[in-house]
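Numbering (the UniProt record's numbering), first residue to last: 1 to 223.
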């Protein structure tokens, strides 16, 4: 049940992402045979939809059957990465991650990951919300290509306003990006003056290969 709730939040996942979710929520590593048996049962019962896609390589993707999903390549790359990184974020405490550095290692508890629902409906909705053990919230964004100047300004101003708000307990914002997109975001955050107002609460990590749009095993901070 937890896996299906997670899938509804992230909208779509690759076999790798879905298998990681089963391992995380179930507390044990699923081998390929057990994983295949489980998802085939869900497909046959009409709980999840699936399709083969070619994104770097041919593989299968899954989504909640009650929600249609448009398999546009750029959106697909973004959303599959969102699913993978959401499990990466909640699976353990990562050193050097600004979102969770303020949490003592001894008090770490598995956070929840959901879609973002800003209290102010005019605010920009991030790609996801990380509900942390101290009852604060981290915002996560996946950025694969640079936004236009005006659009980026709107998004970053919204993030800054939410960091300053007393009505939402937003502890920080994490961008997981290609190198090109990440450098654009980091530079804009500085130029707009938000880095001075919110020191240490905004982090940009180069986490996605610019060419293949695949997740990188080693992440590097930008800006």
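Cβ coordinates follow ideal geometry from the N, Cα and C atoms, glycine included.
Taking the alpha-carbon positions, what's the residue 26 to residue 95 distance?
Position 26 of the chain shown, counted from the first residue, corresponds to residue 26. Position 95 of the chain shown, counted from the first residue, corresponds to residue 95. Straight across, the Cα-Cα distance linking residue 26 with residue 95 is about 24 Å.
So, with DSSP's three-state summary, where would you put residue 202?
Taking the chain shown and counting its residues from 1, one reaches residue 202 at position 202. Three-state DSSP puts residue 202 in a strand.
Mind checking whether residue 126 and residue 143 have CB atoms under 7 Å apart?
Working through the chain shown from its first residue, we reach residue 126 at position 126. Working through the chain shown from its first residue, we reach residue 143 at position 143. No, the Cβ-Cβ distance between residue 126 and residue 143 is not below 7 Å.
What's the C-alpha gap between residue 235 and residue 67?
In the structure as shown, the chain begins at 1 and stops at 223. Residue 235 is therefore absent and cannot be evaluated.
Once the 5 residues before and after residue 109 are set aside, which same chain residues still bring their CB inside 7 Å of it?
Looking up residue 109 in the chain shown gives position 109. Correct list, in chain order: 133.
Tell me, please, which residues DSSP counts as bridged to residue 64.
Indexing the chain shown from 1 puts residue 64 at position 64. According to DSSP, which records beta bridges pairwise, residue 64 is partnered with 48.
Should the region 115-123 be called in touch with the region 79-98, which here means at least 3 C-beta pairs below 8 Å?
no
Looking at residue 216 and residue 210, is the spacing between their C-beta atoms short of 7 Å?
The residue given as residue 210 occupies position 210 in the chain shown. The residue given as residue 216 occupies position 216 in the chain shown. Contact flag unset, no.
In this structure, does DSSP put residue 69 in helix, strand or coil?
If you number the chain shown from 1, residue 69 lands on position 69. DSSP, read as helix, strand or coil, puts residue 69 in coil.
What beta strand (DSSP E) runs, 3 residues minimum, are completely inside the region 112-199?
You should have 112-114, 128-131, 137-143, 170-177.
Residue 5 lies in the alpha helix (DSSP H); which residues open and close that run?
If you number the chain shown from 1, residue 5 lands on position 5. Where residue 5 is concerned, the enclosing alpha helix (DSSP H) stretches over 2-10.
How big is the Cα-Cα spacing for residue 164 and residue 41?
Looking up residue 164 in the chain shown gives position 164. Looking up residue 41 in the chain shown gives position 41. Near 47 Å, if we compare the C-alpha coordinates of residue 41 and residue 164.
Along the chain, where does the alpha helix (DSSP H) containing residue 21 start, and where does it finish?
Along the chain shown, one-based indexing puts residue 21 at 21. Looking at the DSSP string, the run of the alpha helix (DSSP H) that includes residue 21 is 15-26.
Which residues in the same chain as residue 12 place their Cβ atom closer than 6 Å to its Cβ, once the five residues preceding and following it in sequence are excluded?
Translated into positions along the chain shown, residue 12 becomes position 12. The residues are 61, 63, 69, 79.
Within the same chain, show all residues whose beta-carbon is closer than 7 Å to that of residue 146, passing over the 5 residues directly before and after it, in chain order.
As a position in the chain shown, residue 146 is number 146, starting the count at 1. Here the set comprises 180, 181, 184.
Measure the C-alpha to C-alpha separation of residue 53 and residue 196 and round it to an integer number of angstroms.
Here residue 53 corresponds to residue number 53 of the chain shown, with the count starting at 1. Here residue 196 corresponds to residue number 196 of the chain shown, with the count starting at 1. Between the C-alpha atoms of residue 53 and residue 196 there is a straight-line separation of about 44 Å.
Roughly how many whole angstroms lie between the Cα atoms of residue 176 and residue 45?
As a working note, residue 176 is residue 176 in the chain shown. As a working note, residue 45 is residue 45 in the chain shown. Taking the straight line joining both Cα atoms gives about 35 Å.
Mapping DSSP to helix, strand and coil, what is residue 58?
Indexing the chain shown from 1 puts residue 58 at position 58. Of the three classes helix, strand and coil, the one that applies to residue 58 here is strand, per DSSP.
Report the three-state DSSP secondary structure of residue 98 (helix, strand or coil).
Here the question's residue 98 lines up with position 98 in the chain shown. Note: residue 98 maps to coil in three-state DSSP.
Once the 5 residues before and after residue 160 are set aside, which same chain residues still bring their CB inside 6 Å of it?
Along the chain shown, one-based indexing puts residue 160 at 160. Once the five neighbours on either side are set aside, the close Cβ partners of residue 160 are 194.
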